[in-house]
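Going down the list, the sequences are from chains A and B. My numbering puts the first sequence at residues 1 to 309. My numbering puts the second sequence at residues 1001 to 1306. Note that the Cβ used here is the ideal one computed from N, Cα and C, for glycine as well. Here the structure is laid out as structure tokens; the discussion comes afterwards.
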Amino acid sequence: MDLSSFEADNSSSCRLASHIPEVCRTEDCCLGIDEAGRGPVLGPMVYGICFCPVSKKEDLKDLKVADSKTLTETERENLFQKLDEAKSYIGWALQILSPNTISTSMLQRTKYNLNALSHDTAIGLVQYALDSGVQLKEVFVDTVGPAEKYEEKLSQLFPGIEVTVRPKADSLFPVVSAASICAKVARDRVVKDWKFAEDLREVDTDYGSGYPNDPKTKAWLLKYMDPVFGYPQFVRFSWSTAQTLMDSKAATVHWDDDDEETGEKAAQRQNNRSMLSYFSASAGGKDHNPTRKTHRFFTERRLKSLNTL
Amino acid sequence: MATKKKRTPNAESDSWVVIAADSVIDTQKHDSDPAFVRLRNPATDEASLYLLGSGDVQLYEVKAFQEDFRSWFIGQAVQRDGKLLFVTPMDPLYLILPYLIKSGKEGKFQPVEQLVVDEEFPACSRLLSCTRSLASLHHVTEEKEVGGRKFHRYSEEKTMSWLKKKVERTVAALRMRNVCVGEGVTSATYVRVKPESDGREEDFLRYAHGLLSEYISEQLSKALLTHLGLPEPSSPKEAEPPSKKRKLSDKPVEAGEDYTKFNSADFARKPPKKMTTAQKSLAKVDKTGMKPMSSFFSPKVKAEKK
């Protein structure tokens, strides 16, 4: 697995893929989708697909691929090695969503939540397989959100493919287990050897599992918080763990679309007039500043006179 | 021409981001640095910030572009205040004018040094060292020269024609810059098929007058409006219909209309002249023992109670 293209720019999303086995272009194939690193506050989320001809399903079982969570890191590495060696009939592809992508998606003006991001990534990978000429007939997915709804969504998007969405699919279908191994191995490698875009000098890489409840992770987050910038891009800013710490320790930053300030309060702050004031005849006169109004040439351009520097 | 200047902070930690012409900080010809000064704003009569260019030869006004939620990253520092200052050349005559008007009421010719005095803003005398000041005084005053000394007296007539010229030049500038001067809202990206309709000249004049009024007293602004031949804009308040809500008062309530005419004899009800055939046939029906329709709606007759 060559991670160099992601490491070159780990602030955005990146796709890695194996060579497409010839047999997959001619025979009916099955495909499994799984993800790794959904919960941690640190590092990327990796989506993986694995595909092979339906006829080779048994061979996959023989490789003893199992749910990646039940395996140790070395076992996973070994299994990935085997999968990669079976390139004559097994193909895989990965989408690495950098923590920065996750942060900016979830915190942008029109919020793009993690479920939507997950679904779209999975859909993108299936489309990639189709575009590469893989003869997909069956797709197995570990669910994100309600399984029925997700299954319906995918079936509609990919007519002619039998979509099965199940919770715990990674322990039910070997092809999903294989996908989960690919995803997990990629995430482990990226996290282990994270190239910090920021200049942190001798960075302490002992950040634990990266999950919010890990005391090591928490301690690391405290240590590397900057009062102005918050965290390195390695941290998912949209996680409440990160947000709570910044709220209490970092400098307060106000944005245009801050949630607290809506309706009346925001209107008041922006010096807007209440809608009601337009209906009463006298209110207009009272509201107006007794001193003269600045000409609209200046107000439209947000220009003000100053009386002090 | 305009350069972005990052001033190093003086005593305070704050710095400002300023856009100004190079000439503002040109200290080659003069020894002194440009200085921010507080002077009396002719429109508001309160303190405003101005800048006197090197050697006090040029006056600049200082305007701040200010919006919510703005901060600066300056070098390796963050500045909470996201203001952007504009330092733009200004005619010093606008600032001198209020002093001339004030002493003009005395009606005497005086040397200008005596006219431009302000206890609250002692820096105002520095305005007179601006190159344009003394040279342009004749636009707004009558002058007399006695023994090599010049004496001045404010002239409203001259001031009006001076301001009128300013308005005309502003109109030209507005036209050149395609500033939207009409009433209502126009999108900058909206392209009109037809050229702007008539009445635009007045819009431009009014807009320019409004813009200029930011630099003169309210009184002068009104006088200029008349001088330009522009009618006072009708206030929307007057055009509004009176409030429908009745006002409470102690006075006896009087009817708004005369209802007594209905009491006169010729208003007495006359029977309908003609009945339709249907009505006629209904009238013939035997109604004995039948209650009139109205009895169903009137309160019960108390006769039964007896």
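Open item on the list: Which same chain residues end up closer than 6 angstroms to alanine 17(A) when comparing Cβ atoms and leaving out the 5 residues on each side of it in sequence?
Closed with: For alanine 17(A), where only same-chain residues beyond five positions count, the Cβ hits under 6 angstroms are Ala93.
Open item on the list: Please state the DSSP three-state secondary structure of glutamate 1113(B).
Closed with: It is helical.
TODO: In the DSSP assignment, find the alpha helix (DSSP H) that holds tryptophan 255(A) and state where it starts and stops.
DONE: Element bounds for tryptophan 255(A): n/a, residue is neither H nor E.
- [ ] Output yes or no for whether 9 angstroms exceeds the beta carbon distance between glycine 91(A) and phenylalanine 51(A).
- [x] Yes, the Cβ-Cβ distance between glycine 91(A) and phenylalanine 51(A) is below 9 angstroms.
- [ ] Verify the CB distance criterion: does threonine 1226(B) have a CB-CB separation below 9 angstroms to chain C?
- [x] In the structure shown, chain C cannot be found, because the protein chains are A and B.
Task: Residue-chain proximity (leucine 1095(B), chain A), Cβ-Cβ < 9 angstroms - done: For leucine 1095(B), the closest Cβ of chain A is not nearer than 9 angstroms.
TODO: Select from the stretch 83 to 100 of chain A all residues with a C-beta closer than 8 angstroms to any C-beta belonging to chain B, and list them in chain order.
DONE: Residues: none.
Task: According to DSSP, residues forming a beta bridge with methionine 45(A) - done: Leu97(A).
- [ ] Could you work out which residues of chain B lie near threonine 110(A), taking near to mean beta carbons separated by less than 9 angstroms?
- [x] Ordered by position in chain B, no residue passes the 9 angstroms Cβ test against threonine 110(A), which lies about 18 angstroms from the chain.
Open item on the list: On the DSSP bridge list, what partners appear for glutamate 300(A)?
Closed with: Note: glutamate 300(A) sits in no beta bridge, so no partner.
Task: Inter-residue spacing [alpha-carbon to alpha-carbon] between isoleucine 1019(B) and leucine 1224(B) - done: Approximately 32 angstroms, taken between the alpha carbons.
Open item on the list: Between arginine 1169(B) and chain A, is the shortest Cβ-Cβ distance under 9 angstroms, so that the two count as touching?
Closed with: No, arginine 1169(B) lies away from the interface with chain A (no Cβ there is under 9 angstroms from its Cβ).
Open item on the list: Assuming glutamine 156(A) is part of the alpha helix (DSSP H), what are its boundary residues?
Closed with: For glutamine 156(A), the uninterrupted alpha helix (DSSP H) segment begins and ends at 147 to 157.
Task: Local Cβ density within 10 Å of alanine 169(A), reported as buried at 16 or more and exposed below that - done: The residue in question, alanine 169(A), is buried, as its Cβ has 16 or more Cβ neighbours within 10 Å.
Task: Three-way DSSP call (helix, strand, coil) for alanine 1215(B) in this model - done: Position check: residue 1215(B) holds tyrosine in this sequence, whereas alanine was assumed. Three-state DSSP puts tyrosine 1215(B) in a helix.
- [ ] Taking C-beta pairs closer than 7 angstroms, name the residues in chain B that phenylalanine 297(A) reaches, listed in chain order.
- [x] Residues of chain B whose Cβ lies closer than 7 angstroms to the Cβ of phenylalanine 297(A) are, in chain order, Leu1211.
Open item on the list: Based on DSSP bridge pairs, tell me the residues matched to serine 1048(B).
Closed with: Beta-bridge pairing by DSSP links serine 1048(B) to Leu1039(B).
Task: Complete runs of the alpha helix (DSSP H) confined to the stretch 5 to 34 of chain A [at least 4 residues] - done: Complete alpha helix (DSSP H) runs here, min 4: 22 to 26.
Task: N-terminal and C-terminal residue of the alpha helix (DSSP H) that valine 1139(B) is part of - done: One detail in the question is off: residue 1139(B) reads as histidine in this sequence, not valine. First-last for histidine 1139(B): undefined, no H or E at that position.
- [ ] Compare the C-beta of histidine 119(A) against all C-beta atoms of chain B and say whether one is closer than 9 angstroms.
- [x] So, not an interface residue.
Open item on the list: Could you give the first and the last residue of the continuous alpha helix (DSSP H) run that contains isoleucine 1025(B)?
Closed with: Isoleucine 1025(B) -> no alpha helix (DSSP H), and no H or E assigned at all.
Task: Where glutamate 1168(B) sits in the DSSP three-state scheme - done: Assignment of glutamate 1168(B) by DSSP, reduced to helix, strand and coil, places it in the helix class.
TODO: Could you tell me which chain B residues have their CB closer than 7 angstroms to the CB of lysine 304(A), listed as they occur along the chain?
DONE: Neighbours of lysine 304(A) on chain B, chain order: Lys1063, Ala1064, Gln1066.
Task: Residue range of the alpha helix (DSSP H) that includes glutamate 1120(B) - done: Segment: none, glutamate 1120(B) is in no alpha helix (DSSP H) and carries neither H nor E.
TODO: State the CB to CB distance for the pair isoleucine 1101(B) and tyrosine 1154(B), rounded to an integer number of angstroms; the pair is presumed to be in contact (CB under 8 angstroms).
DONE: By a beta-carbon distance limit of 8 angstroms, isoleucine 1101(B) contacts tyrosine 1154(B). Their separation comes to about 6 angstroms.
- [ ] Tell me, please, whether the stretch 112 to 124 of chain A touches the stretch 143 to 156 of chain A by the rule of three or more beta-carbon pairs shorter than 8 angstroms.
- [x] The stretch 112 to 124 of chain A vs the stretch 143 to 156 of chain A: in contact.
Open item on the list: Measuring only the C-alpha atoms, how far is lysine 216(A) from glutamate 152(A)?
Closed with: Cα-Cα distance, rounded: 41 angstroms.
Task: chain A contact for asparagine 1178(B) (CB, 9 angstroms cutoff) - done: Not one beta carbon of chain A lies nearer than 9 angstroms to the beta carbon of asparagine 1178(B).
Open item on the list: Please confirm whether serine 1048(B) has its beta-carbon closer than 9 angstroms to some beta-carbon of chain A.
Closed with: Chain A, which has a Cβ nearer than 9 angstroms to the Cβ of serine 1048(B), makes this yes.
Task: Local Cβ density within 10 Å of threonine 252(A), reported as buried at 16 or more and exposed below that - done: Threonine 252(A) is classed as exposed because its beta carbon has fewer than 16 other beta carbons within 10 Å across all chains shown.
TODO: For the stretch 1032 to 1061 of chain B, enumerate the residues whose C-beta is nearer than 9 angstroms to any C-beta of chain A, in chain order.
DONE: The stretch 1032 to 1061 of chain B vs chain A, Cβ under 9 angstroms: Phe1036, Arg1038, Asn1041, Ala1043, Thr1044, Glu1046, Ala1047, Ser1048, Leu1049, Glu1061.
TODO: For glutamine 1279(B), count neighbouring Cβ atoms within 10 angstroms of its own Cβ and tell me buried if that reaches 16, exposed if not.
DONE: Label assigned to glutamine 1279(B): exposed.
- [ ] Assuming proline 1092(B) contacts leucine 1127(B) (C-beta within less than 8 angstroms), just tell me the rounded distance between them.
- [x] Yes, they are in contact, since the Cβ atoms of proline 1092(B) and leucine 1127(B) sit about 5 angstroms apart, within 8 angstroms.
Open item on the list: Relative to the C-alpha of valine 1057(B), which candidate in Cys1130(B), Lys1166(B), Leu1220(B) has its C-alpha closest?
Closed with: Checking every option, the nearest Cα to that of valine 1057(B) belongs to Cys1130(B).
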